[in-house]
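Peer 1: Here my numbering is used: the sequence shown runs in plain steps of one and ends on residue 188. Backbone N, C-alpha and C fix where the C-beta goes; we use that ideal spot for every residue, glycine too.
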Amino acid sequence: MFLGIAAPVVDYKDTWAIVGATIETGAGKIENGTVVVRDGTIVAVGKDLKAPEYARVIDAKGQWVFPGFIDAHSNLGVIAPPLSADADGGRDQSTYAYPSMREANRRGIRSELKGADLIALTTPQLQSERRAGFVALNLAVGGNLFNGAGSAVALTGGPRRQAVIAGDTGQFVSFRLPPRGEGGGG
């Protein structure tokens, strides 16, 4: 007869701990927090949470963790100000270098725009995105060749100063040109 003490067997491959991240919970932010995932399910989230000994640890210092989908390119709720036929500039020349061309002739080139400056966070489309499970969007103006800088925005429903994660995530370029005005036919 064999007698022994049975110890529970834990497969560490199915348990992950994401440590040191800024965690957006939907109800607020946890700085330098930990998320424990077991068998594909989040089982613990917290600031002073210790990773289980058997877990695979992911060092996420300086990174963000969100409880949902992130749309990498969206223009929902972002509306570009219209170009004026008489405008000659007047924009901040210290941020971007602009060609010396009248504003009205710069069709499709709106590299001076920033998604974070133009977003309306209360639009019905963004509320619909939240209901669909999206928690953050990388927003930029659409409909131009050069659309301006994208901005990473959390869909928490809070004010812009709290929602903007990164104000400049890079320039957005597309192959869609804006509609042309009345042409000269030639």
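1. Specify, as a first and last residue, the run of the beta strand (DSSP E) that residue 119 falls within.
2. Compute the beta-carbon to beta-carbon distance between residue 46 and residue 59, rounded to the nearest angstrom, for a pair I have assumed lies under 8 angstroms.
3. What did DSSP end up calling residue 130 once you bin it into helix, strand or coil?
4. According to DSSP, what are the bridge partners of residue 31?
5. Using three-state DSSP, classify residue 165 as helix, strand or coil.
6. Excluding the 5 residues flanking residue 168 on each side, which residues of the same chain have their C-beta closer than 8 angstroms to its C-beta?
7. Excluding the five sequence neighbours on either side, which residues of its own chain have a C-beta within less than 7 angstroms of the C-beta of residue 8, listed in chain order?
8. Assuming residue 63 and residue 22 form a contact by the criterion Cβ under 8 angstroms, report the distance between their Cβ atoms to the nearest whole angstrom.
9. Tell me the DSSP secondary structure of residue 170 in three-state form.
10. Between 27, 25, 35, 157, which lies nearest to residue 133 when the distance is taken from Cα to Cα?
11. If you draw a straight line from the C-alpha of residue 131 to the C-alpha of residue 27, how long is it?
12. For residue 68 and residue 20, I'd like the C-alpha separation in whole angstroms.
13. Considering just the uninterrupted stretch of the beta strand (DSSP E) at residue 153, what are its terminal residues?
Peer 2: Let me spell this out:
1. Under the DSSP assignment, residue 119 falls outside any beta strand (DSSP E), being part of the alpha helix (DSSP H) whose first and last residues are 117 to 120.
2. 14 angstroms between Cβ atoms; not a contact.
3. helix
4. According to DSSP, residue 31 bridges with 26.
5. helix
6. Around residue 168: 153, 154.
7. Confidence in residue 8 is poor, its pLDDT being 46 and thus under 50, which makes the residue's placement too unreliable to answer from.
8. 4 angstroms
9. strand
10. 157
11. 17 angstroms
12. 12 angstroms
13. 148 to 156
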